[in-house]
Structures are given as structure tokens and as C-alpha cells.
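Right, one structure below, let's go through it.
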């Protein structure tokens with residue numbers, strides 16, 4: 460059985476979702492809760508802008524990269540919808556799409572759909588604990604820390620080695636997963652990862668590219684958080700984090 464890294468790996472955050480829009484509205488209103496019609500986070504759809512961003516992503520891929528061999532997507536609807544629209548726009552209709560729950564959004568537990576103000580009001584002890592521990596290690600009750608996400612992504616990286624050696628693979632996932640995959644693939648430290656996070660949010664439909672380097676025997680970063688798909692199409696670049704609001 461052949462084992463090896465993909466020849467090219469594209470990490471892509473989903474297009475703007477209705478949840479991203481609802482978060483912005485909650486912030487503007489100073490509301491403690493982010494109101495989203497979908498009952499489950501995994502069912503939140505794309506916004507109308509998000510649908511256009513996904514189409515722009517597909518058109519950009521068709522112009523700038525070789526056809527990919529496989530897509531691996533988070534099971535969340537906003538990621539799957541982004542993949543479907545992008546593949547259709549690129550004309551890559553026969554590309555297999557695999558669903559992998561290890562690429563799902565970070566679990567927020569009891570803090571789900573609360574703004575920072577809502578967390579401070581409803582769970583002040585959790586807000587204080589998060590400030591003390593920092594976002595890397597803090598785990599909300601019923602949720603995950605970044606290290607929990609990293610643990611499942613290490614397993615996912617092992618699957619990439621076994622299942623996609625030498626292939627061109629696109630990963631459709633979420634902001635924290637993009638950052639934590641960088642941590643895993645580049646063998647970063649907590650400090651390095653948080654420094655990247657402080658530079659700004661991963662934009663919706665932004666592309667992070669790795670290529671396999673034979674000399675290094677590793678995937679090497681070639682581009683991070685590239686928003687050219689939206690810029691070339693004249694679409695708005697959005698970078699709102701998923702709920703709840705990240706602080707610290």
C-alpha cells in the first residue's frame with residue numbers, strides 16, 4: 460500500500476454563512492444571543508453572498524489550478540454547499556466529495572450562539588476561565604478546546620497519507636480547522652499558531668495552499684488566506700469568525 464502526502468493540498472474555509480451574517484447583526488444590536496433560523500449549527504446554510512463567493516471560488520480554481528482529484532469536506536451544510544457550488548462552477552463534475560466529521564467546526568458547547576456580551580452575562584466564570592487559560596487550552600463545558608480539534612486533525616492527517624498519496628486534494632472546512640491544520644502540518648508551537656491567529660481571521664473561501672517538497676519530504680506552505688477568488692470576481696471579502704465570538 461502506497462503511503463505519502465498529496466502532491467498539492469488546498470485548505471479552504473466555507474463561504475459566508477447565514478450564521479456569519481447573524482453574528483454581525485447581533486454585534487450591531489449589542490445582543491447577547493446570535494439568532495439563527497437553523498436549529499443546529501451543522502445545518503446553517505450559506506448566505507446569498509456566500510453562494511456568490513463559492514461560485515467565484517470555483518471559477519478561480521478553473522483558471523488557476525489543475526483539476527483536483529478529490530474533495531474532503533466537513534459534514535456541515537455550509538462547507539458541503541460551498542464544495543458543490545465551487546465544483547459546479549469549475550466544471551469539475553466528476554470529482555469525488557468525501558465527508559469527514561473530523562473536519563467539522565469546533566464544538567462550542569454551552570457557549571454556542573452567545574456573543575462575548577452574552578458569555579459575560581450568562582457564564583461570567585467561563586469568561587474568566589477562558590481569559591486565564593487562553594483560547595488554545597480553554598474547553599467550554601460540552602465543547603472543545605483548540606487542542607481537542609488538533610487531536611482529531613492529527614488523525615485526519617494520517618488518513619491523508621494513507622488515502623491520497625500524490626493526489627491534488629481540496630479540504631473544505633472551518634476557520635479553526637484551517638489554523639489547526641497549519642499547526643499540525645507545519646509542526647508549530649502554541650505561540651506560532653496564536654501569532655498567526657492574531658494577524659486576522661481566515662476569510663470565507665480563502666485558499667491556503669501546500670505543495671509536497673521531495674527534498675524536505677513534507678508539505679510546504681505556498682500561500683495562506685489568499686482571497687484572490689473573491690477579488691477577481693469583484694465579490695465582497697468577508698472574514699467574520701463563526702459563533703461564538705472568539706476572544707483572547
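In this note's numbering, the protein residues as written are 460 to 707.
Quick reminder that beta carbons are idealized off the backbone N, C-alpha and C, glycines included.
The count of Cβ pairs closer than 8 Å, one atom from the stretch 476-494 and one from the stretch 636-647, stays below three, leaving the stretches out of contact.
When beta bridges are read from the DSSP output, residue 467 appears opposite 627 and 670. Secondary structure note for residue 683: its beta strand (DSSP E) is the uninterrupted segment 677-685. The C-beta distance from residue 683 to residue 697 rounds to 17 Å, too long to fall under 8 Å, and the pair is not in contact. In summary, residue 507 is exposed, with fewer than 16 beta-carbon neighbours lying within 10 Å of its beta-carbon over all protein chains present.
If you draw a straight line from the Cα of residue 616 to the Cα of residue 692, it is about 32 Å long.
Between residue 475 and residue 663, the beta carbon gap of about 5 Å places them in contact (Cβ cut-off 8 Å). Residue range 556-558 is occupied by the beta strand (DSSP E) that includes residue 558. Taking C-alpha positions only, residue 604 is separated from residue 577 by approximately 19 Å.
Runs of the alpha helix (DSSP H) spanning 4 or more residues and lying entirely within the stretch 586-653 occur at 605-622 and 634-644, in chain order. For residue 490, there is no enclosing beta strand (DSSP E), as DSSP marks it with neither H nor E. Rounded to the nearest whole angstrom, the CA to CA distance from residue 536 to residue 583 is 32 Å. Contact check for residue 670 against residue 681 passes: the beta carbons are separated by less than 8 Å. Excluding five sequence positions before and after residue 528, the CB atoms of its chain that fall closer than 6 Å to its own CB belong to 626 and 627, given in chain order.
Around the beta carbon of residue 688, 16 or more other beta carbons sit within 10 angstroms, so the residue counts as buried. Segment contact: the stretch 591-606 against the stretch 502-516, fewer than three CB-CB distances shorter than 8 Å; contact not assigned. When the five nearest sequence neighbours on each side are left out, the beta carbons in the same chain lying within less than 8 Å of the beta carbon of residue 554 are those of 526, 527, 528, 529, 530 and 546, in order along the chain.
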